[in-house]
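Numbering (numbering that gives the first Met the number 0), first residue to last: 0 to 385. Since the structure comes first, as structure tokens, the remarks are kept for the end.
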Amino acid sequence: MSTLALIDRLTRNAVDVLPHRELERKLELGRPLRVKLGIDVTAPYVTIGNGIPLQRMRAFQDEGHVGVLIVGDYTTRIGDPSGRSRERPMLDPAEIDRMAENFFDNARRVIDPERTEVRFNSEWLGSLGFAELLRLARTTTVAQILERDDFAKRFAGNVPISISELLYPLMQAYDSVAVEADVELGGTDQTYNLLAGRSVQQAYGLEPQVALTVPLLLSWDGTRMSSSRGNYIGLSEPAEEQFGKTMSIPDELLGQWWTLVVEQPVPDGAAMDAKLELARWIVRRSHGEEAVQAAEAHFTRVVREGGAPAEISSHPLPAGDGPVHVPAVIAAAFGLSTSEARRLLAQGGVKLDGVVVKGLDLPQAELAGKVLQAGKRRFARLVPPV
RNA sequence: GCAGGGGUUCCCGAGUGGCCAAAGGGGGCGGGCUGUAAACCCGCUGGCUCAGCCUUCAGAGGUUCGAAUCCUCUCCCCUGCACCA
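Written out as structure tokens, the structure is:
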């Protein structure tokens, strides 16, 4: 394959490749390049939004290069500047291990696990002395740090910025020094950090990395998909969830999702069909073909036809022969407050075997064995007390 | 350090002694409509043993029949001035 075609494939969907010629040059070195990506490990899932840069990593891996995933166990303690979270307590090693494992379990749905290195940044940041920190800090000026858009806005808007947050880009940059990254991947929101990596690497006498940024995937609410917003689809999330969530994206986002996620143009025809195909593709990548059929069947049955799912978990009724207090049962079965349960009840959102429930207290005989439904998606089969 | 401005329910943001569980918007939830979605309409959105009761307006005390609203102290944020290795 010609270098041009190769670069074209490696940088598909990229917004920026900085500097462009540098990538070309590095590729001609003939050695495997080290392609770095850092993701927040504290999130329950790696999202399909994070999947976009992961797909780039995969493309590099398919050409023989090495993916380097950074577990920011050390940086996590500071909290991402944009998230504006408070400093978090140090996580214990067992917890970090669990998170890292989960992280990798998600990522492997996209990348090639055989060509991946997973590195914890506490490995080098944890032993960084104050003198070394000062050396790192000297590589950058306040003005440079404040160029970063979110800092600039917060500074202008009198929103507090802590010194530790200002250090965040430097720590991330130092990761690039430590793992000797040739390329760093990230969303366009990471452009600044990726470029900081370049200048810090240079200050440490290393060849600067190439910064490759990809667009941020928008979610169904029109904002960028983010694990902290709850508007995400997790790479290892259950197939049914992935399917349903994909179907709930607005039609307007179909083009973007096909381009960025599937890396194909939207198929011609009805939006509905293109969306179904997209949902199948997403589930297939994470869980395989069988899961696709089950997830689609579930979607058709529960969402389109308003029926009950194939499998419903059981919930025992309270003991005793007296009438059963329905709000309490709903609350217990679905993890709601009884006030929420009462509201659902009052609004006709609660059904028993498909029939809207009216009363607050019902005899056990009228409940046992029936399927309780709260809203469209919550189901539980009521069984006699144990 | 000095002076001033602030901290309200998931978020933004009104409210300056009773009519405040606290306007409005966002988000979320339920119902309707529907091709999933969007749009649109209606309703709900602290908790509970729910026509009543209980706990909330940074924290702790106090004044008052009664406080998110007044006073005192504390914590945190912002602005200006001062300091400036």
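C-beta: ideal position from N, C-alpha, C; glycine also.
Problem set entry | Same chain, Cβ closer than 6 Å to Phe242, five either side skipped, listed in chain order | Position 243 of the first sequence, counted from the start, is the residue given in the question as residue 242. Result list for Phe242: Ala278, Val282, Ala294 and Phe298, in chain order.
Exercise. What's the call for Ala373, buried or exposed, on a 16-neighbour Cβ count within 10 Å?
Worked result: Along the first sequence, read from residue 1 onward, the residue named residue 373 stands at position 374. Answer is buried; the Cβ neighbour count reaches 16.
Exercise. When you compare only the Cα positions, how much space is there between Ala318 and Leu359?
Worked result: Taking the first residue of the first sequence as 1, we reach residue 318 at position 319. Taking the first residue of the first sequence as 1, we reach residue 359 at position 360. Rounded to the nearest angstrom, the two C-alpha atoms are 17 Å apart.
Exercise. What did DSSP end up calling Ala345 once you bin it into helix, strand or coil?
Worked result: Position 346 of the first sequence, counting from 1, holds the residue named residue 345. Reduced to three states, the DSSP call for Ala345 is helix.
Exercise. In terms of alpha-carbon separation, which member of Gly71, Asp148 and Lys152 lies closest to Trp123?
Worked result: Start at 1 with the first residue of the first sequence, and residue 123 comes out as number 124. Here the closest residue by C-alpha is Gly71.
For this session: Would you mind listing the beta strand (DSSP E) stretches within the stretch 105-170 that are 3+ residues and don't spill past its ends, in chain order?
Result: 115-119
For this session: Compute the distance between the beta-carbons of Gln60 and Arg114, then report whether it is under 7 Å.
Result: In the first sequence, the residue the question calls residue 60 occupies position 61. In the first sequence, the residue the question calls residue 114 occupies position 115. Result yes, Cβ atoms of Gln60 and Arg114 sit closer than 7 Å.
Problem set entry | the stretch 256-263 in contact with the stretch 190-208 per 3-pair CB rule at 8 Å | By the Cβ rule, the stretch 256-263 does not count as touching the stretch 190-208, because fewer than three pairs are nearer than 8 Å.
Problem set entry | Boundaries of the beta strand (DSSP E) in which Arg380 is found, first to last residue | Taking the first sequence and counting its residues from 1, the one referred to as residue 380 is at position 381. Taken as a continuous stretch (DSSP letters only), the beta strand (DSSP E) holding Arg380 covers Arg377 to Val382.
Exercise. DSSP state of Thr424, grouped into three classes?
Worked result: The requested residue 424 is not part of the displayed model; the chain covers only 0 to 385.
Exercise. Is the stretch 162-172 in contact with the stretch 5-13, if contact means three or more CB pairs nearer than 8 Å?
Worked result: The answer is no - the stretch 5-13 does not touch the stretch 162-172, with fewer than three Cβ pairs under 8 Å.
For this session: State buried or exposed for Leu133, treating a residue as buried only when at least 16 other CB atoms are found within 10 Å of its CB.
Result: As a first step, residue 133 must be located in the first sequence, where it is residue number 134. It is exposed - the Cβ of Leu133 has fewer than 16 other Cβ atoms within 10 Å.
Problem set entry | Residue range of the alpha helix (DSSP H) that includes Gly50 | Position 51 of the first sequence holds residue 50. The continuous alpha helix (DSSP H) containing Gly50 extends over residues Gly50 to Asp61.
For this session: Would you grab the beta carbon distance between Leu217 and Leu184 for me? Rounded to a whole angstrom, and I think it's under 8 Å.
Result: On the first sequence, residue 217 is found 218 positions in, with the first residue counted as 1. On the first sequence, residue 184 is found 185 positions in, with the first residue counted as 1. The Cβ separation is near 19 Å, so there is no contact.
Exercise. What span of residues does the beta strand (DSSP E) with Lys35 cover, start to end?
Worked result: Along the first sequence, one-based indexing puts residue 35 at 36. Note, Lys35: beta strand (DSSP E), Arg33 to Ile38.
Exercise. What residues in its chain sit with their C-beta under 8 Å from that of Ala13, if we drop five residues either side in the sequence?
Worked result: For the purposes of this step, residue 13 is identified with residue 14 of the first sequence, where counting begins at 1. Excluding positions up to five away in sequence, the list reads Arg55, Leu211, Thr212 and Val213.
Exercise. When the Cα of Gly37 is compared with those of Gly268, Gly66 and Lys244, which residue comes out closest?
Worked result: Your numbering for residue 37 matches position 38 in the first sequence. Among Gly268, Gly66 and Lys244, the Cα nearest to that of Gly37 belongs to Gly66.
For this session: Just tell me which of Ser226, Val354 and Lys35 has its CA closest to the CA of Glu179.
Result: Position 180 of the first sequence, counting from 1, holds the residue named residue 179. Considering only alpha carbons, the answer is Lys35.
Exercise. Can you name, in chain order, every residue of its own chain whose Cβ lies under 6 Å from the Cβ of Pro315, other than the five neighbours on each side?
Worked result: Taking the first residue of the first sequence as 1, we reach residue 315 at position 316. If we look at Pro315 and ignore the five residues flanking it on each side, its Cβ neighbours are Val382, Pro384 and Val385.
Exercise. Between the Cα of Trp257 and the Cα atoms of Ile47, Glu206, Arg97 and Asp104, which residue gives the shortest distance?
Worked result: For the purposes of this step, residue 257 is taken as residue 258 along the first sequence, with counting starting at 1. Nearest option by C-alpha distance: Ile47.
Exercise. Ser312 to Thr222, Cα distance in whole Å?
Worked result: The count along the first sequence starts at 1 and reaches residue 312 at position 313. The count along the first sequence starts at 1 and reaches residue 222 at position 223. Between Ser312 and Thr222, the C-alpha separation is close to 34 Å.
Problem set entry | Length of the line joining the Cα atoms of Lys152 and Leu335 | As a working note, residue 152 is residue 153 in the first sequence. As a working note, residue 335 is residue 336 in the first sequence. The alpha-carbon atoms of Lys152 and Leu335 are separated by roughly 39 Å.
Exercise. For Val354, does the count of other Cβ atoms within 10 angstroms reach 16, so buried, or fall short, so exposed?
Worked result: In the first sequence, counting from the first residue as 1, residue 354 sits at position 355. Looking at its Cβ environment, which holds fewer than 16 other Cβ atoms inside 10 Å, Val354 is exposed.
Problem set entry | Residue interval of the alpha helix (DSSP H) (run including Ile329) | Counting from one through the first sequence, the residue named residue 329 turns up at place 330. First-last of the alpha helix (DSSP H) with Ile329: Val325 to Phe333.
Exercise. What residues in its chain sit with their C-beta under 8 Å from that of Asp272, if we drop five residues either side in the sequence?
Worked result: Residue mapping note: residue 272 aligns to position 273 of the first sequence, counting from 1. These residues qualify, in order along the chain: Pro266.
Problem set entry | Per DSSP, cross-strand counterpart(s) of Gly243 | Working through the first sequence from its first residue, we reach residue 243 at position 244. BP columns for Gly243 are empty, so no partner.
Exercise. Is it right to say Thr2 is buried, meaning 16 or more other beta carbons lie within 10 angstroms of its own, or is it exposed?
Worked result: Taking the first sequence and counting its residues from 1, one reaches residue 2 at position 3. It is exposed - the Cβ of Thr2 has fewer than 16 other Cβ atoms within 10 Å.
Problem set entry | Residue interval of the beta strand (DSSP E) (run including His314) | Position 315 of the first sequence, counting from 1, holds the residue named residue 314. That run of the beta strand (DSSP E) goes Ser313 to Pro315.
Problem set entry | Simplified DSSP state of Ala373, which is helix, strand or coil | Numbered from 1 along the first sequence, position 374 holds the residue referred to as residue 373. Residue state, collapsed to three classes: strand.
For this session: On a CA-only basis, which of Asn105, Arg33 and Gly125 is nearest Val40? Give me that one, please.
Result: Here residue 40 refers to the residue found at position 41 of the first sequence. Among Asn105, Arg33 and Gly125, the Cα nearest to that of Val40 is on Asn105.
Exercise. Which whole-angstrom value describes the C-beta separation of Glu322 and Leu344, a residue pair presumed to lie in contact below a C-beta threshold of 8 Å?
Worked result: Working through the first sequence from its first residue, we reach residue 322 at position 323. Working through the first sequence from its first residue, we reach residue 344 at position 345. The sequence given here places Pro at residue 322; Glu does not occur at that position. Separation of the CB atoms of Pro322 and Leu344 is rounded to 15 Å, and the pair is thereby denied contact status at 8 Å.
Exercise. Under 7 Å, do Tyr191 and Asn120 count as touching if we go by C-beta distance?
Worked result: As a first step, residue 191 is located in the first sequence; it is residue number 192 there, counting from the start. As a first step, residue 120 is located in the first sequence; it is residue number 121 there, counting from the start. Cβ atoms of Tyr191 and Asn120: not closer than 7 Å.
Problem set entry | Cβ shell of Leu361 (< 8 Å), same chain only, five flanking positions each side left out | Walking along the first sequence from the start, residue 361 turns up at place 362. Excluding sequence neighbours, Leu361 sits near Pro322, Val323 and Val325.
Exercise. Taking the alpha-carbon positions, what's the Ala330 to Arg300 distance?
Worked result: By 1-based counting over the first sequence, the position of residue 330 is 331. By 1-based counting over the first sequence, the position of residue 300 is 301. If you take the alpha carbons of Ala330 and Arg300, they lie about 25 Å apart.
Exercise. Exposed or buried, Asp174, counting other C-beta atoms within 10 Å across all chains shown (16 or more means buried)?
Worked result: On the first sequence, residue 174 is found 175 positions in, with the first residue counted as 1. By the neighbour-count rule (16 or more Cβ atoms within 10 Å), Asp174 is buried.
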